[in-house]
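Colleague: Have a look at this one.
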Amino acid sequence: KNQVEQSPQSLIILEGKNCTLQCNYTVSPFSNLRWYKQDTGRGPVSLTIMTFSENTKSNGRYTATLDADTKQSSLHITASQLSDSASYICVVIEYSSASKIIFGSGTRLSIRP
Amino acid sequence: KAGVTQTPRYLIKTRGQQVTLSCSPISGHRSVSWYQQTPGQGLQFLFEYFSETQRNKGNFPGRFSGRQFSNSRSEMNVSTLELGDSALYLCASRVFAGPHNSPLHFGNGTRLTVT
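Quick note, the sequences are listed as chains A and B, same order.
Counting from 1, one number per residue, gives the positions in the first sequence under the working numbering.
Counting from 1, one number per residue, gives the positions in the second sequence under the working numbering.
Quick look at the structure:
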């Protein structure tokens, strides 16, 4: 069964610190993996999209990595800011005519001043 | 460029009623997909439309249906509402459907409460 597992479920860190969120997936065949940020009461916003051949992609203070062999991805946030408090959702797209979209359950990140 | 617009923002309905939600995609985007988000289940895919045709469907009962118009706007209908249908319903648009790398652009959702 195609699944996307995220860890940790929630995380609290101090402003200015770095953190790393994890995503493991079993989706096959794999098309691409996406990280989204969702602020409370808002829709998710795309941070990165990575295909099979990409290992690293950055978007400002956000850096995503992908290991297609182990089917693992991580999202690293550098020098966290209060505005980084949000849920971070890992999404994997299946490579097929159906191109199913499978969501992780998200990591709830809270930044404390 | 205007983002994805969902209306209404909030909705309160009674069990057994039906509801229609609306989504206007970003101009030029031909794919519209719908999602249900609840605290317990997270984000779940409902269906995706492209050029007025349903391209993909999640594991939801037939009470959940949708359609897409020639201008790419989409509506989602839920009939015979149940308490468990209370959720945030998100719509997303992208240029193409299928396993392309075009990002999903989400609206801010419709918060449906069923009493």
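Here a beta-carbon is modelled for each residue, glycine too, at the ideal position from N, C-alpha and C.
All values derive from a computational prediction rather than experimental measurement.
Please state whether the Cβ-Cβ distance between LEU21 (chain A) and TYR36 (chain A) is less than 8 Å.
Modeller: Cβ atoms of LEU21 (chain A) and TYR36 (chain A): not closer than 8 Å.
Colleague: If you draw a straight line from the C-alpha of ARG94 (chain B) to the C-alpha of GLN9 (chain A), how long is it?
Modeller: Approximately 28 Å, taken between the alpha carbons.
Colleague: Closer than 7 Å, Cβ to any Cβ of chain A: which residues of the region 46–64 of chain B, in chain order?
Modeller: So the list reads ASN56, given in the order they occur along the chain.
Colleague: Is the region 1–10 of chain B touching the region 55–68 of chain B in the sense that three or more CB pairs, one from each, lie closer than 8 Å?
Modeller: No contact exists between the region 55–68 of chain B and the region 1–10 of chain B.
Colleague: Should VAL114 (chain B) and ARG30 (chain B) be called a contact, given that it needs their Cβ atoms to be closer than 8 Å?
Modeller: Their beta carbons are not under 8 Å apart, which means VAL114 (chain B) does not touch ARG30 (chain B) by this criterion.
Colleague: Which residues in the same chain have their Cβ closer than 6 Å to the Cβ of GLN54 (chain B), if we skip the five residues on either side of it in sequence?
Modeller: Closer than 6 Å at the Cβ level, and outside the excluded window around GLN54 (chain B), lie PHE47.
Colleague: May I have the straight-line CA-CA distance separating TYR95 (chain A) from ASP69 (chain A), to the nearest angstrom?
Modeller: Their Cα atoms are separated by approximately 16 Å.
Colleague: Considering just the uninterrupted stretch of the beta strand (DSSP E) at SER87 (chain A), what are its terminal residues?
Modeller: Run containing SER87 (chain A): 86–94, per the beta strand (DSSP E) assignment.
Colleague: Name, please, each residue of chain B whose Cβ falls closer than 9 Å to the Cβ of ARG42 (chain A).
Modeller: Chain B residues near ARG42 (chain A): PHE106, ASN108, GLY109.
Colleague: Spatial neighbours of GLN17 (chain B) within its chain, please: C-beta separation below 6 Å, excluding the five flanking residues on both sides.
Modeller: Only LEU81 meet the Cβ criterion.
Colleague: Residues in its own chain within less than 8 Å of GLN3 (chain A) by CB, not counting five upstream and five downstream?
Modeller: If we look at GLN3 (chain A) and ignore the five residues flanking it on each side, its Cβ neighbours are TYR25, THR26, VAL27, ILE102.
Colleague: Which whole-angstrom value describes the C-beta separation of LEU22 (chain B) and GLU75 (chain B), a residue pair presumed to lie in contact below a C-beta threshold of 8 Å?
Modeller: The sequence given here places Ser at residue 22 (chain B); Leu does not occur at that position. Yes, they are in contact, since the Cβ atoms of SER22 (chain B) and GLU75 (chain B) sit about 5 Å apart, within 8 Å.
Colleague: For GLN37 (chain B), I'd like the list of residues in its chain whose CB is within less than 8 Å of its CB, leaving aside the five on either flank, ordered along the chain.
Modeller: Result list for GLN37 (chain B): LEU43, GLN44, ALA87, LEU88, TYR89, LEU90, GLY109, in chain order.
Colleague: How about ILE12 (chain A) and SER80 (chain A): do their beta carbons lie closer than 8 Å?
Modeller: No, they are not a contact pair.
Colleague: Please look up how many angstroms separate the CB atoms of SER73 (chain A) and ALA64 (chain A), rounded, as I've assumed it's under 8 Å.
Modeller: Rounded, the Cβ-Cβ distance is 6 Å, consistent with contact.
Colleague: Just grab the DSSP bridge partners of GLY42 (chain B) for me.
Modeller: In the DSSP output, where bridge partners are listed per residue, GLY42 (chain B) has B:THR38.
Colleague: Can you find a CB in chain B that lies within less than 8 Å of the CB of PHE52 (chain A)?
Modeller: It does not; no Cβ of chain B falls within 8 Å.
Colleague: Determine the direct distance from the alpha carbon of ILE49 (chain A) to that of LEU109 (chain A), and round the result to whole angstroms.
Modeller: Taking the straight line joining both Cα atoms gives about 20 Å.
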